[in-house]
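Everything in the sequence shown is counted per this note's numbering, starting at 7 for the first residue and increasing by one.
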Amino acid sequence: SAVIDVIAVAVGGANSRDLRHQSIPDGVDWVVCSIGTNDAAPWKRVALDEFAVNVNGFLRHHGSEGYLKLGPGTVIELCRRVERTNRTISLYTSVKERVALANGERYVSLSEVLGTDDLADDGVHINETGSANIARRVLLEITPTR
């Protein structure tokens, strides 16, 4: 089986502004970008037009063969300390999907991959089961078909 060189852009606590500081090594086959939930957080909210520019500009800057954008997943709004709402997150999801499709990139909405059992007790962060579900979906998207 072939080895695929993948780099995932998912930095805990980061938002799309932080993408400007990420560097991708040459020769990477796939860049997997999972960002957006923190952009919707009230204390570090990134305007939707800036979010689109940040996500689009970062990925256009790097010369990998494939891009897979993962749209933010849902949150459990009834949990304590959930300041992000699913309505707000869906706005970022729509922007990310639009940018991906406009650039001919693959896109997966994590709200279609993750359920409430895939989130930690805080209702925002992804737990071990959720991480495994994401990894399986990413592999399906980037593994070449025979």
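The beta carbon of each residue, even a glycine, is placed where N, CA and C say it ideally should be.
Unbroken alpha helix (DSSP H) run spanning residue i, endpoints
i: L154; result: The requested residue 154 is not part of the displayed model; the chain covers only 7 to 152.
i: S96; result: 92–108
Per-residue burial, residue i [other beta carbons within 10 Å of its own, 16 or more giving buried]
i: D45; result: buried
i: T164; result: This structure gives no information on residue 164, because the portion of the chain shown stretches from 7 to 152.
i: T122; result: exposed
i: A106; result: buried
i: S100; result: exposed
i: S29; result: exposed
i: L84; result: exposed
Own chain residues within Cβ distance below 7 Å of residue i, not counting five before or after
i: T94; result: A46
i: N133; result: D124, L125, A126
i: S7; result: In this prediction, S7 scores a pLDDT of 47, lower than 50, which makes its location untrustworthy; no coordinate-derived value is stated.
Bridge-paired residues (DSSP) for residue i
i: S115; result: G77
i: L125; result: I132
Cβ neighbours of residue i in the same chain (closer than 6 Å, five flanking residues each side left out)
i: G72; result: W36
i: N62; result: V105
Host beta strand (DSSP E) of residue i (start-end)
i: V52; result: From DSSP, V52 is part of no beta strand (DSSP E); its letter is neither H nor E.
i: S40; result: 36–40
Same chain only: Cβ atoms within 8 Å of residue i, ignoring 5 sequence neighbours per side
i: T43; result: P78, G79, V81, R90, I95, Y98, V130
i: I140; result: S40, L76, L116, V119, L120, I132
### Message
Below 8 Å, how does it come out for the segment 48–55 and the segment 73–83: are there three or more Cβ pairs, yes or no?
### Response
no
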